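Here our numbering = 1-based position in the sequence shown + 29. By construction, the Cβ of each residue, glycine as well, lies at the ideal position given by its N, Cα and C atoms. Only a predicted model underlies this, so the values are computations on that prediction, with no experimental measurement involved.
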Amino acid sequence: MKAVLDRHIEITPDVRGGRPRIADTRITVADIVIMHLRLGQSLEEIAGKYDLDLADAYSAMAYYYDHRLEIDRSIEADEAFAETFRRNNPLIDATLMAAILDSLKDPLLFADTDHVIRYMNKAAIAHYSEGESLIGRSLLDCHNEQSQQQIIEILVVMQAGEDERLITDNEEHRI
Numbered sequence: 030m031k032a033v034l035d036r037h038i039e040i041t042p043d044v045r046g047g048r049p050r051i052a053d054t055r056i057t058v059a060d061i062v063i064m065h066l067r068l069g070q071s072l073e074e075i076a077g078k079y080d081l082d083l084a085d086a087y088s089a090m091a092y093y094y095d096h097r098l099e100i101d102r103s104i105e106a107d108e109a110f111a112e113t114f115r116r117n118n119p120l121i122d123a124t125l126m127a128a129i130l131d132s133l134k135d136p137l138l139f140a141d142t143d144h145v146i147r148y149m150n151k152a153a154i155a156h157y158s159e160g161e162s163l164i165g166r167s168l169l170d171c172h173n174e175q176s177q178q179q180i181i182e183i184l185v186v187m188q189a190g191e192d193e194r195l196i197t198d199n200e201e202h203r204i
């Protein structure tokens with residue numbers, strides 16, 4: 030089994046922090062685990078979406094089951110680090126940020142990694158019929174099932190290191 034996994038899984042210290050990943054990609058075993066076990070995507074769906082060989086996706090899961098405790102701890106550590114960093118590192122003063130965002134004419138809202146809406150600018154409050162009452166509610170509650178899945182997929186990819194993702198067919202609407 031090790032020889033098969035060696036063709037599909039690699040660990041390189043300077044790529045993705047040395048985490049086990051699909052060979053010749055930046056997609057980690059943990060990324061596959063999250064998409065498959067937490068988000069319920071089939072391995073075939075994941076392979077197709079990210080242009081992977083199906084054997085790559087299955088090898089990632091085989092590696093995971095061989096190293097489950099290690100991978101689970103890595104995922105938990107990443108989540109804890111992200112939460113601690115978010116709490117301890119405000120980018121700029123919240124009042125200044127709100128003033129800048131409220132000056133935009135387009136609706137804009139922010140949700141955390143748990144999909145909870147944390148901020149809406151004035152344009153968003155005016156745009157959405159439920160207005161400010163959406164703050165504190167799940168972003169997923171406000172969307173249909175297809176949109177919910179797209180939101181979850183975008184968050185997984187962004188947590189894996191992608192900076193922005195096209196969310197409509199209009200190039201101007203990016204997150």
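For residue j and residue i, believed in contact at Cβ under 8 Å, the rounded distance
{"i": "residue 146", "j": "residue 164", "result": "5 Å"}
{"i": "residue 86", "j": "residue 98", "result": "Contact flag wrong, Cβ pair sits at about 21 Å."}
{"i": "residue 52", "j": "residue 65", "result": "So it is not a contact: roughly 18 Å between Cβ atoms."}
{"i": "residue 185", "j": "residue 68", "result": "7 Å"}
Per DSSP, cross-strand counterpart(s) of residue i
{"i": "residue 148", "result": "139"}
{"i": "residue 39", "result": "50"}
{"i": "residue 167", "result": "145"}
{"i": "residue 57", "result": "50"}
Cβ neighbour criterion (16 or more within 10 Å) applied to residue i
{"i": "residue 49", "result": "buried"}
{"i": "residue 35", "result": "exposed"}
{"i": "residue 88", "result": "buried"}
{"i": "residue 174", "result": "exposed"}
{"i": "residue 190", "result": "exposed"}
{"i": "residue 150", "result": "buried"}
{"i": "residue 42", "result": "exposed"}
{"i": "residue 32", "result": "Low confidence applies to residue 32: its pLDDT is 46, below 50, so where it sits in the model is not reliable, and the reading given next is rough at best. By the neighbour-count rule (16 or more Cβ atoms within 10 Å), residue 32 is not buried but exposed."}
{"i": "residue 81", "result": "buried"}
{"i": "residue 138", "result": "buried"}
Check whether residue i and residue j have beta carbons under 8 Å apart
{"i": "residue 93", "j": "residue 58", "result": "yes"}
{"i": "residue 75", "j": "residue 61", "result": "yes"}
{"i": "residue 172", "j": "residue 183", "result": "no"}
Proximity test, Cβ basis, 8 Å: residue i and chain D
{"i": "residue 102", "result": "Among the protein chains of the structure shown there is no chain D, as only one such chain exists."}
Own chain, CB closer than 6 Å to residue i, minus 5 neighbours either side, in chain order
{"i": "residue 144", "result": "167, 168 and 169"}
{"i": "residue 156", "result": "136"}
{"i": "residue 30", "result": "Because the pLDDT at residue 30 is just 45, under 50, the model does not fix this residue reliably, and the point stays unresolved."}
{"i": "residue 125", "result": "none"}
Own chain residues within Cβ distance below 8 Å of residue i, not counting five before or after
{"i": "residue 40", "result": "47, 48, 49 and 50"}
{"i": "residue 135", "result": "152"}
{"i": "residue 103", "result": "48 and 59"}
{"i": "residue 83", "result": "72, 73 and 76"}
{"i": "residue 55", "result": "44, 45, 189 and 190"}
Neighbourhood of residue i by C-beta, 7 Å cutoff - its chain only, sequence neighbours within 5 removed
{"i": "residue 161", "result": "149 and 154"}
{"i": "residue 178", "result": "none"}
{"i": "residue 141", "result": "147"}
{"i": "residue 133", "result": "150 and 152"}
{"i": "residue 79", "result": "56"}
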